[in-house]
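Chemist: Numbering (UniProt numbering), first residue to last: 1 to 270.
Quick reminder that beta carbons are idealized off the backbone N, C-alpha and C, glycines included.
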Ligand SMILES: Nc1ncnc2c1ncn2[C@@H]1O[C@H](COP(=O)(O)OP(=O)(O)OP(=O)(O)O)[C@@H](O)[C@H]1O
Ligand SMILES: [Mg+2]
């Protein structure tokens, strides 16, 4: 990270964020800042809370306690007479416009062609004219290498192509932070590379902050400015890719990485 990033106000700020489901505490008082344009990879064992961390930011899951700010504004709360109260749906809706997410499963609209899959939200959520939306969508689809598939329907695309449409669909909204959650883990191995290459390209040119949850350690090393290791609902260790992958400090991270190495890129003990 360079100095400007360290001093700039964060785009995302988690403060003492906890999440419980019933009796289970899934996240324990998480503090996490993401700087403008920073690429943060999140690694950690299955069940350690990575997806939940992203879902809280995407407003799909509500924190049990703590606050999250995006662009300096509270996400889940409003301040009324100095007290924090839960924000209403209108506020959440507005804030959601700053955040884009791509999941493991693409959920494209099967009855719409690729272009329409990408233009729907800019037209209906951002209120762009059809022409503006099409222009933006075509640019994005070209960027992800699908400029020749505008008229195709999702059922005619490979898994990797569908996932690239999902990426274009999120990017077309121009969010200030993008969340990628295991976007390649449902793909056939031979399709993983093309999707990771697209994300790397976007990351390289990008003004956008990114949270990249991944089991692809080489990808995390290549793309991230900072890597966060979660285990048991806490951030156990964080640092540069160099520090995390070549000089891990905590026994839990050391054990996690050695399981990966033993499994030649896959975590073998879940
Ligand atoms: N809606 C829910 N209700 C109850 N428990 C949940 C819910 N969502 C997640 N959990 C639990 O929270 C824990 C953390 O889940 P999460 O999906 O955040 O883990 P993860 O790190 O993303 O794992 P993976 O690598 O397998 O995707 C798990 O034990 C999971 O079973
Ligand atoms: Mg997950």
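Mind checking whether the beta-carbon of residue 18 lies closer than 8 Å to any heavy atom of ligand 1?
Modeler: Numbered from its first residue, the chain shown carries residue 18 at position 18. No, Cβ of residue 18 sits at least 8 Å from all heavy atoms of ligand 1.
Chemist: How about residue 200: is its Cβ closer than 8 Å to a heavy atom in ligand 4?
Modeler: The model on display carries ligand 1 and ligand 2 but not ligand 4.
Chemist: Go ahead and pull the three-state DSSP assignment for residue 114.
Modeler: Here the question's residue 114 lines up with position 114 in the chain shown. Residue 114: helix per DSSP, three-state reduction.
Chemist: Whose CA, out of 191, 199, 242 and 14, lies closest to the CA of residue 180?
Modeler: Your numbering for residue 180 matches position 180 in the chain shown. The option with the nearest alpha carbon to residue 180 is 199.
Chemist: Does the distance between the C-beta of residue 182 and the nearest non-hydrogen atom of ligand 1 fall short of 8 Å?
Modeler: As a first step, residue 182 is located in the chain shown; it is residue number 182 there, counting from the start. Flag set: Cβ of residue 182 near ligand 1.
Chemist: Can you give the Cα-Cα distance for residue 14 and residue 21, rounded to whole angstroms?
Modeler: The residue given as residue 14 occupies position 14 in the chain shown. The residue given as residue 21 occupies position 21 in the chain shown. Residue 14 and residue 21: Cα-Cα distance of roughly 19 Å.
Chemist: At which residue ranges does the stretch 19-106 contain complete alpha helix (DSSP H) runs of 4 or more residues, listed in the order of the chain?
Modeler: Taking only runs of at least 4 residues, the alpha helix (DSSP H) segments lying wholly in the stretch 19-106 are 50-57 and 89-96.
Chemist: For the alpha helix (DSSP H) holding residue 218, just list the boundary residues, first then last.
Modeler: Position 218 of the chain shown, counted from the start, is the residue given in the question as residue 218. 217-223 is the span of the alpha helix (DSSP H), which, as asked, contains residue 218.
Chemist: Could you check how far apart the C-beta atoms of residue 225 and residue 80 are, in whole angstroms? I think they sit under 8 Å.
Modeler: Here residue 225 refers to the residue found at position 225 when the chain shown is read from its first residue. Here residue 80 refers to the residue found at position 80 when the chain shown is read from its first residue. That pair is no contact at about 36 Å.
Chemist: What number of angstroms, rounded off, separates the C-alpha of residue 52 from the C-alpha of residue 26?
Modeler: Start at 1 with the first residue of the chain shown, and residue 52 comes out as number 52. Start at 1 with the first residue of the chain shown, and residue 26 comes out as number 26. Going by the C-alpha atoms only, they are around 8 Å apart.
Chemist: Which residues in the same chain have their Cβ closer than 6 Å to the Cβ of residue 221, if we skip the five residues on either side of it in sequence?
Modeler: Position 221 of the chain shown, counting from 1, holds the residue named residue 221. So the list reads 241 and 245, once near-sequence residues are dropped.
Chemist: By DSSP, does residue 171 sit in helix, in strand, or in coil?
Modeler: Reading the chain shown from its first residue, position 171 is the one you call residue 171. Here residue 171 sits in helix by DSSP.
Chemist: Drop a sphere of 10 angstroms on the beta-carbon of residue 85, count the other beta-carbons inside from all chains shown, and report buried for 16 or more, exposed for fewer.
Modeler: Along the chain shown, read from residue 1 onward, the residue named residue 85 stands at position 85. Its Cβ having fewer than 16 others within 10 Å, residue 85 is exposed.
Chemist: Can you find the residues in the same chain that come closer than 6 Å, C-beta to C-beta, to residue 56, ignoring five residues on each side of it along the sequence?
Modeler: Residue 56 sits at position 56 when you count from the first residue of the chain shown. Closer than 6 Å at Cβ, skipping near neighbours: 63.
Chemist: Would residue 247 be called buried (16 or more neighbouring beta carbons within 10 Å of its own) or exposed?
Modeler: Position 247 of the chain shown holds residue 247. Residue 247 is exposed by the Cβ-count criterion.
Chemist: Kindly identify the DSSP beta-bridge partner or partners of residue 199.
Modeler: Against the chain shown, residue 199 aligns to sequence position 199. In the DSSP output, where bridge partners are listed per residue, residue 199 has none listed.
Chemist: In angstroms, rounded to a whole number, what distance separates the CA positions of residue 69 and residue 188?
Modeler: On the chain shown, position 69 is the one that residue 69 refers to. On the chain shown, position 188 is the one that residue 188 refers to. Cα to Cα, the separation comes out at about 36 Å.
Chemist: Indicate the three-state DSSP secondary structure (helix, strand or coil) for residue 16 in the structure shown.
Modeler: For the purposes of this step, residue 16 is taken as the residue at position 16 of the chain shown. Note: residue 16 maps to strand in three-state DSSP.
Chemist: Considering just the uninterrupted stretch of the alpha helix (DSSP H) at residue 134, what are its terminal residues?
Modeler: If you number the chain shown from 1, residue 134 lands on position 134. Looking at the DSSP string, the run of the alpha helix (DSSP H) that includes residue 134 is 130-143.
Chemist: Less than 8 Å between the CB of residue 51 and some heavy atom of ligand 2, yes or no?
Modeler: Residue mapping note: residue 51 aligns to position 51 of the chain shown, counting from 1. Checking the Cβ of residue 51 against ligand 2 gives yes.
Chemist: Shorter than 8 Å, the distance from the beta carbon of residue 213 to the closest heavy atom of ligand 2, or not?
Modeler: Numbered from its first residue, the chain shown carries residue 213 at position 213. Checking the Cβ of residue 213 against ligand 2 gives yes.
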